[in-house]
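These notes concern the structure reproduced below.
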Amino acid sequence: MSNAQRSFVQKVSKQPAADVRKNVCNYHIQSKSADTSLCSSALSPTDPLDYEEFLVQHMNIVNRDPLKLILDFPQGDVTVKTIPRKIRTIDHITPNEEITDLPQHVQECVNCYTRPWKVVEYAQRHYSSSCYIREHIDRGTISPSAYQQEFEIDKDFASFDETFTYKSESCTPSSRQSIASLASVSSCTDTLTPRGSWASFDLRRSVNDPLIPNLLNNVPPEQIDQTNEVRRQQDRQVALFSLYPESEAEEERIERRLLAEIPMEHMGHRIQVKCLQLRLELEVEPIFASMALYDAKERQKLSENFYFDMNSDGLKRMLSSHVQCADISTQSHSAIFEISYPSNDLFLVIRLEKVLQGDINNSVEPYLKEDKDKYREKVKSNAADYCERLGKYRMPFAWTGIYLTNVFNGDSFEHKDVGGGERDSAGSGNVCGGLGTAPSSNSLDRKSSTSSFDQLRRKANDMSGTLTRRGSLERKEKRRSWSPDDFANVVENFRPITISVPSFFKQEADKMKDEDLYKILPELKRPSSVMKKYKCIPGSIKLEISPCVEEVKNSLTPELAKINPQSGENIRPIKEILEFPQSAIYNPHYSYRNLLFVSPKELNFSSRAGSARNIAVRVQLMAGETSKDAVNAIFGKSSCPKFSSEAFTAVNYHNKCPSFYDEIKIALPASIKQHHHLLFTIYHVSCQKKPQDLQPSVETPIGYTWLPLLEDGKLKVGEFNLPVMVETPPENYSFIPPNVHLPGIKWLDNHRAVFAINVEAVTAIHTLDSFLDRFFLLCEYVDTRNIPSHIGEGNMEAELKKCLLDIEHANREPLVRHLPLVLDKLIELLVTTHKIGGQTMSLGSTVFEVLCLVSSLLSILSDDLIVDQYGRQSLFSTYVQFQCKIPHPLLSKQRFTCRRSNTEDLQLSNSYSLYDNVSTSGRSLDRKDPASNMLHSIVGRDVQERLLHEELALHWVVASGKAAELAMANSWFLFELIVKSMIEHLHNSNTLNAPRKNRFPHQYNDDLSTLVHLVTTKVVGYHSNEPKLAQSLNASLSFFIFDVLSIMDRGFVFGLIKTYTKVLISKNASIPDLMNYKIDFLRIVCSHEHFVALNLPFGTSYTMISAPCSPTPSTTSSNSQTSCGSLERAVQADLSQEFLQQHFLVGLVLSDLASVMKVPNPQLHGKAIRCIRNLMTSHDLDTRDGQHSPIASAWH
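Once you know that position 295 of the sequence shown is 303 in the numbering used here, the rest is easy, because the numbers rise by one and skip nothing.
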């Protein structure tokens, strides 16, 4: 009879009721005592198994298991890949000089801007819940209807209640009435229940249910089981836990880490301006045009000049004796302007110049006369003569400005026909300066069918045919002011427009300064008043302005490098115009750039007697003191050679105190020496034609001055007031600045400063910061062993330490712009020991402090940089993941300055070491290593190199004072740098797939153990006074443990986790805080993609037998093995010592849950439960294990 008992009867407990009551009473007594303190047994960590040894012993079981892929870490789980650097240009931008002949710092810069990236890839990291975008992707595959399920019973009860309440008050049943009793009152009204619902008992109107076919057929049980199995799979949700509503906000998912952004070149909002036509009513001479962006409110020029030539071939031939060739790069008619910080006061200023002819009033007069044809031939003849004699000199002629805000807003266009062609718009003068008074004198034509607009329409996701700006900014609003974010959206999405400006302002000789321009520009917002104040020259310029599409063919960088794609045809290129941003841009330099902009401002020759009135200034970049030393590095303007060796300012006729608006763009040499200088030669240009014997040359030098490019090894930039020498400079003048009063030399106005210039550099080589410049300079002294006498070898260490600490005072923008170079150099100094004068330099502790200091300095830029909840900055995470250059002893070959065959070798080389000789095991801080001494004695050189991760861990452990505090505040950066160095070390030594036991030396493991103990102590120490720092530090340590589980001996890492737990227990902290940190720690660590494998879900008694039978077994399931015995089930249900040892991480999580539930703290309860739910959800969504049996083995 006992054998005939049903299965559930066999499982009923035989324990007497009295024993049950006694056990329950004892449990409640124990629970009350646990309300104030957690049981020490629950908190005491269990020693984990030797993971690697256990895995080796059970490898046969793992190999035979069909799910072996999730029972162990797969081969090639962690790899290091070298990926090419993404560039927009066809080739890398590099200096023209031979790379190996350049100074070491320049070589390092070129290397930094051209080398490929070393990136660590985790094959299955996307299975981890720490992946930031993972859950969004997985939840998107689930039907939205699965989130909120609606059942008929709920719906019908709601409708029933509403109907009954409002329409059948006299028949209201009591709240305890049954459904059957409700049926008795259905006669009161026909609307008690919805027709057809389960609660409708209107039998008179009901319809018979359809018959169930084959209900009484004799079907074999096997077929029933098979049918039921098929039906169970129909509309089955793959991920059960995904059906639960979200229980926590995105910021509460503490295991999420900010993904490192791929390095990229900074690009602001881009607009393209194309000149379609430039024509004056009197076309008798060539006209030279340029345009640039200005901000009238900030009184700043926002871009370099774009020069374009719209002259006909006949007019160009008038200058054939002065222009021998015209490079294709100087024949562009289109430009791309960048705007990083849009504002409401942007103007596009267009200037016109012509060949020097004398007084500007006389030159403009023919253009202002009504009967121009009467004077056309005479003016043309005079122009031809001037072009022949003075073709290389220019004079100011006219200008105009376009108020870009009206262009972006689309003012006066809301009534235009979308598909129409040109239509004149009254009032459109609000957009342009220099307009006539007629209502139709200016046309602003929207282009609705251009290919570029189609691209913009797709970009804006506008499918209705009209472009609506983001942020509910429609065209018809005609706003006059915008918020910065809204305005930025408008700049990107405004519709292409064609602008025709019918006239130009005459350039007044006494209004050449930028200050004069800034006063006039705001008046262009109201052009009617401007038209009355200034003379207008009849003519027109037609421009097409549009947002720049992503891919522009045949474009050139500001250095004239070709950008992909190129058509290969000899067509006019499109130039990218360099931006002069009005505010700092916190983005590191991405490519090589080394440009200088020289702008003469004012000259005062009033004290000089004689002919000094038609003044032109020649600007040259000199590499010596003879005429042949002029460097061919000045960019051409329009319809001229690509580069030239000289440039002239425009001439202001009969003015001894001229002002200038010229901008000379120069390509700086990569290696600037002491003899490089800017030479300014001041000429008087004779405009009147005289006999050859009386005037052999049209130009007469009347003064000289110069500006050395270097001062104390740094590039000189800024505003300068220079004296002028009236004689030819003496020999070796270039080594002496002009402000030194040389004896025996005649100076203008008794050596007073009479010439004002402005020099600005846009360079990725020179930091333009005195502290950073000195840092790189001293590093080069050390690397080259060329110590200047004024420093001395004995004082070099002290000077370098002072220089390192002075980085704290560096300006933030140049520090960010050169951040990869600065960090690379600091890492190099940290792992390298130099000997100067036979004495070993001890820089490690100082370098470690500065490395932390740099990260701390940039933390104040959180408003401008992407920062996650733990303070991880995108700048540093990008550097660690992509840009860092970690020296490695095994890869160190010859010094970087060795000869290379060509630039490709530089770009494709996998090793960028800067060291002659290295020490593989040398330890700093007086750690003695025989292997290091032996290797060093064999090499016999003055350089030793060590492993970065070992040095970081060692210096962190022994750090004190400010360095220790900085290290803790920036722990995430140091931890991630350590992990990156460890992985690269394993990759370089070909041990990424080797057994984990011997991957790292015991000494390094000891340092990590000490470091984990130290950091955990700091977490507890900070939680009362600086809880935010404690949380960040706790998360940083958690992520470090998370990362090293993929590369180190897992048993050793479990030991680190045990150390963390023991330290928390030993500290006198309040229990909720302690458990908060611990639960957060475990949640991050357990989010590992190989969490199942880390818990060793095999080799136990529970995994050797099948799971329990179904409560209602089918015929097939009844033949399966018997369920687990009561003794075995009791063993597995308890958190036994064996369970906690083998399933270490799961045991910690469950132990914490059990301990937390004994404390009356709902917040802590929720956190512990969410931790387990997060793990379950991750397992549920994991597609690697369809049956989830190993997961069940780990949890049960």
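Virtual Cβ for every residue (Gly too), placed ideally from N, Cα, C.
Assign residue i to buried or exposed, taking buried as 16 or more other Cβ atoms, counted over all protein chains shown, within 10 Å of its Cβ.
i	result
residue 891	buried
residue 56	buried
residue 333	exposed
residue 772	buried
residue 1098	buried
residue 1136	Low confidence applies here, because residue 1136 scores a pLDDT of 46, under 50, leaving its location unreliable and the question unanswered by this model.
residue 881	buried
residue 239	exposed
residue 417	buried
residue 825	buried
residue 280	buried
residue 1206	This structure cannot speak to residue 1206, because the chain is shown only from 9 to 1204.
residue 1039	buried
residue 575	exposed
residue 224	exposed
residue 848	exposed
Measuring straight from C-alpha to C-alpha, what distance separates residue i and residue j?
i	j	result
residue 39	residue 1161	For residue 39, the predicted structure reports a pLDDT of 45, less than 50, and the residue's modelled location is therefore unreliable. A value from the coordinates is still provided. Whole-angstrom Cα-Cα distance: 14 angstroms.
residue 323	residue 386	16 angstroms
residue 465	residue 504	At residue 465, the pLDDT of 38 sits below 50, so the modelled position is not reliable and the matter cannot be decided from this model.
residue 1181	residue 1192	19 angstroms
residue 1100	residue 78	7 angstroms
residue 359	residue 407	4 angstroms
residue 895	residue 1032	40 angstroms
residue 284	residue 361	18 angstroms
residue 227	residue 241	21 angstroms
residue 546	residue 316	20 angstroms
residue 1089	residue 54	17 angstroms
residue 109	residue 611	39 angstroms
residue 886	residue 88	16 angstroms
residue 1206	residue 755	No statement about residue 1206 is possible, as the shown extent of the chain runs from 9 to 1204 and does not include it.
Contact check, residue i vs residue j under 8 angstroms by CB: the rounded distance?
i	j	result
residue 695	residue 364	6 angstroms
residue 1273	residue 96	The shown model of the chain, from 9 to 1204, leaves out residue 1273, and the question about it has no answer.
residue 1007	residue 60	So it is not a contact: roughly 11 angstroms between Cβ atoms.
residue 367	residue 692	About 16 angstroms; that fails the 8 angstroms criterion.
residue 1207	residue 888	The structure shown does not extend to residue 1207, since the chain is modelled only from 9 through 1204, so no value can be given for it.
residue 354	residue 303	6 angstroms
residue 822	residue 776	6 angstroms
residue 956	residue 989	4 angstroms
For this session: Please list the segments of the alpha helix (DSSP H) lying wholly inside the segment 65 to 122, counting only runs of 4 or more residues, in order along the chain.
Result: The segment 65 to 122 contains these whole alpha helix (DSSP H) runs: 67 to 72, 76 to 79, 112 to 122.
Exercise. Are the segment 55 to 73 and the segment 111 to 121 touching by the rule of at least three beta carbon pairs closer than 8 angstroms?
Worked result: no
Problem set entry | contact_flag[the segment 607 to 618, the segment 379 to 397] where n(CB pairs < 8 angstroms) is 3 or more | No, the segment 607 to 618 does not touch the segment 379 to 397.
Exercise. Could you give the uninterrupted runs of the alpha helix (DSSP H) lying entirely in the segment 328 to 405, keeping only those of 4 residues or more?
Worked result: Runs of the alpha helix (DSSP H) lying entirely within the segment 328 to 405 and spanning at least 4 residues, in chain order: 368 to 376, 380 to 398.
Problem set entry | Segment contact, 8 angstroms Cβ cut-off, at least three pairs: the segment 748 to 768 with the segment 800 to 812 | Result no; under three Cβ-Cβ pairs closer than 8 angstroms.
Exercise. Would you say the segment 335 to 343 touches the segment 577 to 587, given that touching needs at least three Cβ pairs under 8 angstroms?
Worked result: yes
Exercise. Quick one: complete alpha helix (DSSP H) runs, 4+ long, within the segment 549 to 599?
Worked result: none
For this session: Check whether the segment 1016 to 1025 touches the segment 1056 to 1071, counting contact only when three or more Cβ pairs, one atom from each stretch, lie closer than 8 angstroms.
Result: yes
Exercise. Counting Cβ pairs, one atom from each stretch, are 3 or more of them under 8 angstroms apart for the segment 529 to 545 and the segment 661 to 681?
Worked result: As far as the Cβ criterion goes, the segment 529 to 545 does not touch the segment 661 to 681, which means the pair count is below three.
Exercise. Do the segment 274 to 291 and the segment 639 to 656 meet, that is, are 3 or more Cβ pairs less than 8 angstroms apart?
Worked result: no
For this session: Tell me the start and end of each unbroken alpha helix (DSSP H) in the segment 1026 to 1053 that is at least 4 residues and wholly inside, in chain order.
Result: 1035 to 1052
For this session: Check whether the segment 728 to 746 touches the segment 81 to 88, counting contact only when three or more Cβ pairs, one atom from each stretch, lie closer than 8 angstroms.
Result: no
Exercise. Can you find at least 3 beta carbon pairs, one from the segment 971 to 991 and one from the segment 1042 to 1050, that sit closer than 8 angstroms?
Worked result: yes
Problem set entry | Stretch pair the segment 589 to 596 + the segment 707 to 724: three plus CB contacts closer than 8 angstroms | no
For this session: Kindly confirm or deny that the segment 830 to 842 and the segment 994 to 1004 touch, where touching means at least three C-beta pairs closer than 8 angstroms.
Result: no
Problem set entry | the segment 294 to 301 contacting the segment 552 to 562, beta-carbon criterion three pairs below 8 angstroms | no
Problem set entry | Completely contained alpha helix (DSSP H) runs for the segment 830 to 886, where each covers 4 or more residues | 852 to 865, 882 to 886
Exercise. Can you give, in chain order, each stretch of the beta strand (DSSP E) that sits fully within the segment 737 to 792 and has at least 3 residues?
Worked result: 761 to 771
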